[in-house]
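K.L.:
As numbered in my numbering, the sequence shown has no gaps in its residue numbers, which increase by one up to the final residue, 331.
The beta-carbon is built from N, C-alpha and C at its ideal position, and this holds for glycine as well.
The structure's right below; bear with me while I get my questions together.
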Amino acid sequence: MRNIFNEIVAIVKNNRNVVNKNNDNNNVVKQDSMLPCPEHKLIPYETAPLPPGPWLVFAPHADDETFGLGGCLLKASDENVETHVVVVTDGAQGGDEPGKHGGLADRRREEVERAGNLLGLRGLECWSEPDRGLKVDSERTGLFADAIRKLQPAAVFFPGPLEIHPDHRATGMLAWAALQSLEAGEPKPQALSYEITALNPINLLIDITAQMERKHEVMAVYVSQNSQNSYPDYVTALNRSRSFSLPSGVIYAEGLYRYDEDQLRQPLAAVVQKIIAGYFAPA
């Protein structure tokens, strides 16, 4: 039987020899002195108004529209902005024993319907894509594009590209592909990504301080998920952290990234790489 430990030691020694050899040959990459860019180039220092309506929000699961965008949706309702949500997956795997929760999909649908009423949604659709099995392909891209064409929204929202859950990332990729598939002459809505469970690139911060108490009420609707994890606590922490760069009167905020037309012509991965490269840019 091979000794794995010895193999690891050999690999480490080999890498060390390669590094030493490169050092001897003066092949080590050197960087000139550089002052990194200031914070205001990476994060907003003032709040932004809501994007124009109507809105179409793609939510991977029933609860993501609330956890990720609940404050904005409540604020939109307060300002008479028309909002619509599409819940993409059935949410049937959202428990301790995936696949063994009879009726969970129905329960989550009931929860999102109650949440939608509290959020003031004008429209709600629940699709039945498999939870944790959402594929990025031409068929599903077509479904997303059809939803956009049907509503003709002024703004389309989807999960940020650095989300952890695969369905979150898949939803973002499908929305991006659908927006890119719109033909010349068709209305082009604004493309915006939102944060659900992870910090993502943002260039807009929406003040939801006045909506936060009601957002807590809506989050409490999702008993099926809150019994599995302390999601409202995590979401509250995320929203609180997003007020870091804002005036002291702003206690809670939701972060969005609004993509421009040039970005929307590029692959999403390339756009994200350029955004991240900005953290290494000089002042």
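Applying the criterion that 16 or more other CB atoms from any shown protein chain within 10 Å of the CB defines a buried residue, is E243 buried or exposed?
P.N.:
Here the question's residue 243 lines up with position 195 in the sequence shown. E243 comes out buried.
K.L.:
What runs of the alpha helix (DSSP H), each 4 residues or longer, lie entirely inside the segment 215 to 284?
P.N.:
Runs of the alpha helix (DSSP H) inside the segment 215 to 284: 260 to 267, 271 to 274.
K.L.:
Enumerate in chain order the residues of its own chain whose CB-to-CB distance from I323 is below 6 Å, with the five nearest sequence positions on each side excluded.
P.N.:
Position 275 of the sequence shown, counted from the start, is the residue given in the question as residue 323. P249, listed in sequence order.
K.L.:
Once you ignore the five residues that flank A329 on each side, which residues in its own chain have a CB closer than 6 Å to its CB?
P.N.:
Taking the sequence shown and counting its residues from 1, the one referred to as residue 329 is at position 281. C85, listed in sequence order.
K.L.:
Bridge partners for V306 per DSSP, in chain order?
P.N.:
Within the sequence shown, residue 306 is the residue found at index 258, counting from 1. The sequence given here has Arg at residue 306, not Val. Note: R306 sits in a beta bridge opposite L240.
K.L.:
Can you tell me the Cα-Cα spacing of W103 and G151, whole angstroms?
P.N.:
Here the question's residue 103 lines up with position 55 in the sequence shown. Here the question's residue 151 lines up with position 103 in the sequence shown. Cα to Cα, W103 sits roughly 30 Å from G151.
K.L.:
Tell me which same chain residues have a C-beta within less than 8 Å of the C-beta of R313, skipping the five on either side of it?
P.N.:
Counting from 1 along the sequence shown, the entry for residue 313 is found at position 265. Excluding residues within five positions, the ones whose Cβ falls inside 8 Å are Q228.
K.L.:
From Q321 to G181, what does the alpha carbon distance come to, in whole angstroms?
P.N.:
Along the sequence shown, one-based indexing puts residue 321 at 273. Along the sequence shown, one-based indexing puts residue 181 at 133. Cα to Cα, the separation comes out at about 26 Å.
K.L.:
Span of the alpha helix (DSSP H) holding C120?
P.N.:
Here the question's residue 120 lines up with position 72 in the sequence shown. Where C120 is concerned, the enclosing alpha helix (DSSP H) stretches over 112 to 126.
K.L.:
Classify N165: buried if its beta carbon has 16 or more other beta carbons within 10 angstroms, exposed otherwise.
P.N.:
Here residue 165 is taken as the residue at index 117 of the sequence shown, counted from 1. Exposed, because fewer than 16 other Cβ atoms sit within 10 Å of the Cβ of N165.
K.L.:
Is the Cβ-Cβ distance between R156 and H213 less than 9 Å?
P.N.:
The sequence position of residue 156 within the sequence shown is 108, counting from 1. The sequence position of residue 213 within the sequence shown is 165, counting from 1. Not closer than 9 Å, so no.
K.L.:
Rounded to the nearest angstrom, what separates K123 and Q259 at their Cα positions?
P.N.:
If you number the sequence shown from 1, residue 123 lands on position 75. If you number the sequence shown from 1, residue 259 lands on position 211. Each residue's alpha carbon lies about 7 Å from the other.
K.L.:
Short check: CB of G113 to CB of V129, under 9 Å?
P.N.:
Residue numbering aside, residue 113 sits at position 65 when the sequence shown is read from its first letter. Residue numbering aside, residue 129 sits at position 81 when the sequence shown is read from its first letter. What sits at residue 113 in the sequence shown is Glu, not Gly. Going by C-beta atoms, E113 is not nearer than 9 Å to V129.
K.L.:
Quick check on this structure: which residue in R217, K89, S278, H132 has the alpha carbon closest to the alpha carbon of A317?
P.N.:
Stepping through the sequence shown from its first residue, residue 317 is reached at position 269. Here the closest residue by C-alpha is R217.
K.L.:
Scan the segment 142 to 203 and note each continuous beta strand (DSSP E) run of 3 residues or more that stays entirely inside, going in chain order.
P.N.:
Counting whole runs of 3 or more residues, the segment 142 to 203 contains the beta strand (DSSP E) stretches 171 to 177.
K.L.:
Closest to R197 by CA distance: which of R162, A223, P235, A163 is it?
P.N.:
Translated into positions along the sequence shown, residue 197 becomes position 149. Ranking R162, A223, P235, A163 by Cα distance to R197 puts P235 first.
K.L.:
What is the DSSP secondary structure of A107, counted as helix, strand or coil?
P.N.:
If you number the sequence shown from 1, residue 107 lands on position 59. A107: strand per DSSP, three-state reduction.
K.L.:
Quick check on DSSP: helix, strand or coil for V320?
P.N.:
Along the sequence shown, read from residue 1 onward, the residue named residue 320 stands at position 272. Three-state DSSP puts V320 in a helix.
K.L.:
For L169 and I91, what's the separation of their Cα atoms in angstroms?
P.N.:
Position 121 of the sequence shown, counted from the first residue, corresponds to residue 169. Position 43 of the sequence shown, counted from the first residue, corresponds to residue 91. Spanning the two alpha carbons is a distance of roughly 29 Å.
K.L.:
State buried or exposed for Y327, treating a residue as buried only when at least 16 other CB atoms are found within 10 Å of its CB.
P.N.:
Counting from one through the sequence shown, the residue named residue 327 turns up at place 279. Exposed, because fewer than 16 other Cβ atoms sit within 10 Å of the Cβ of Y327.
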